[in-house]
Structure formats: structure tokens, C-alpha cells
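Using the numbering used here, the first residue of the sequence shown is number 199, and each one after it goes up by one. Encoded as C-alpha cells, the structure appears first; notes follow it.
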Amino acid sequence: MCDTKLLDITEHEDTIKTRLLNLKEDEAAGDDNLSPRILKALSDVISYPVAVIFRRSLDTGCVPRDWRTANVTPIFKKGNRHQTSNYRPVSLTIQICKVVESIIRDQMVQHLDYNNLSNNSQHGFRKGYSCSTNLLVFLETVIAEIDSKHNVDAVYLDLTKAFDKVPHRQLMLKLKAHGIDGLLGDWIKSWLTDRWQ
């Protein structure tokens, strides 16, 4: 259990404006058909209304329906283009929701890092960590064991669609145990509930 709580997020229109300006212009629009290029051009005008909508959404614990709606598009990976298993689905959500999600993600990561709640073996979704750093740590461990004349066994797992299979109830319990609760916890629960594709 974490003694420090992250119950709410306060973000100002300046932060939202900065996030809008940092959108990648070549990304696809979501269900609202607003491209990142348009949102960047209008960032001065829409940053305040987006901040108000975000605040209202947090206060009520109600995530707008269009923020929970995704257009799923198949993206070719490799191999035979006539086999569906060679495509991966990509969910296109609206850019404004991505801005809000990025603010929430950054606050949550900051909370987890500040309170030392991330395990050192966690390389995903952490600043300064990646698949490459994970592999380097693994390689270093294996080499050290081999140099010490110890046996090394490795098990490789490919968790297909792992993110699609996360039990939401357990995720919410885990977030609460890490101090993420209150208005923010209610918002995340709403964001996970009744999603549309």
C-alpha cells in the first residue's frame, strides 16, 4: 500500500496548449475527424475549452462517449497480405482525448517514480527505459552467470494481445494500492468502461 495518494490532477490551459502544439501532424484523426494539424492551428482558441471539459470530466468521473470510441484499422505487419494474422489492429481515438490521456499518464508516472513504486525490472512505459535497456540488463545478467560457471535457463513468452486481456477490476485494485484513487480513480474506471469500436 502507498501512503501518498494521487486523487486528482490540476492542469492549466497552458499545459493543454503545449500538448496540442506537440501533436504529430501526420497522425490520423479519430472519430471526430479533427486532424492534429487543425488542433495545432487552433490551440490558442481551444486550449481553454478543452481545459474546462477536462476539469468537468474529472469532477464528475464521466468520460465523454466520443473519448471512449475508437476506429479500428488493420495495419500490415509482415508476411502474406492475404492472411488476417499478419495484420495488427490499431485503435484510432480522438486527438483531444490523447492529450488528456498524456497528461494523466505523466502525472501517474511521476507519482509512481516519486514514491518508488515502479520495480527496477519494469522497463516499459518508463522514461530512460526501453526494450533495449531491458535486453541489456538481461544480457549482462546472463553473461555474469555464465562467467561464474552457473547454468542459465531462459523462458520467452509472447503474450498476444496482452493489453486487451488486462482484467479492469484487478487493474483498478492495483492502482488503488499504489495510491491512485479519488476523482482520478473514478475517471480511469469510467474511461475503461463501455468502450466502443
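We put the beta carbon where it would ideally sit given N, CA and C, even for glycine. Bear in mind that the values here come from a model prediction, so they are computed numbers and not experimental data.
Simplified DSSP state of residue i, which is helix, strand or coil
i      : result
PHE336 : helix
ILE207 : coil
Residue from the options with nearest C-alpha to residue i
i      : options                           : result
LYS238 : GLY377, ILE294, ALA342 and ARG286 : ILE294
HIS309 : GLY383, ILE378, PRO234 and LEU232 : ILE378
PHE274 : LEU315, THR339 and PRO287         : PRO287
LEU333 : GLN320, ILE251, ASN278 and ASP304 : GLN320
SER255 : ARG393, TRP394, ASP392 and LEU381 : LEU381
GLN395 : THR202, GLU223 and ARG266         : ARG266
VAL297 : GLY383, ALA268, ASP206 and THR216 : THR216
ASP392 : LYS374, VAL340, ASN269 and VAL261 : VAL261
SER300 : ASP384, LEU221, SER346 and LYS372 : LEU221
VAL250 : GLY277, ASP264 and GLU211         : GLU211
ASP206 : GLU223, VAL248, THR339 and ASP304 : ASP304
ASP242 : ALA268, ILE214, ASN269 and LEU373 : ILE214
Burial state of residue i, where buried means 16 or more other Cβ atoms lie within 10 Å
i      : result
PRO365 : exposed
GLY228 : buried
LYS363 : exposed
GLY272 : Position check: residue 272 holds Pro in this sequence, whereas Gly was assumed. Classification of PRO272: exposed, given that the 10 Å Cβ count is below 16.
VAL350 : exposed
PHE336 : exposed
THR291 : buried
LEU219 : exposed
ILE397 : The structure shown does not extend to residue 397, since the chain spans only 199 to 395, so no value can be given for it.
GLU225 : exposed
GLU245 : One point to set straight first is that residue 245 is Ser, not Glu, in the sequence displayed. It is buried - the Cβ of SER245 has at least 16 other Cβ atoms within 10 Å.
PRO247 : exposed
LEU355 : exposed
GLY383 : buried
First and last residue of the uninterrupted alpha helix (DSSP H) at residue i
i      : result
ILE378 : Counting along the chain, ILE378 falls outside any alpha helix (DSSP H), and DSSP gives it neither H nor E.
Counting only runs of 4+ residues fully inside the segment 211-298, write out the alpha helix (DSSP H) ranges in chain order. 211-219, 234-239 and 241-258
Entirely enclosed alpha helix (DSSP H) segments - the segment 310-375, minimum 4 residues: 329-345 and 366-375
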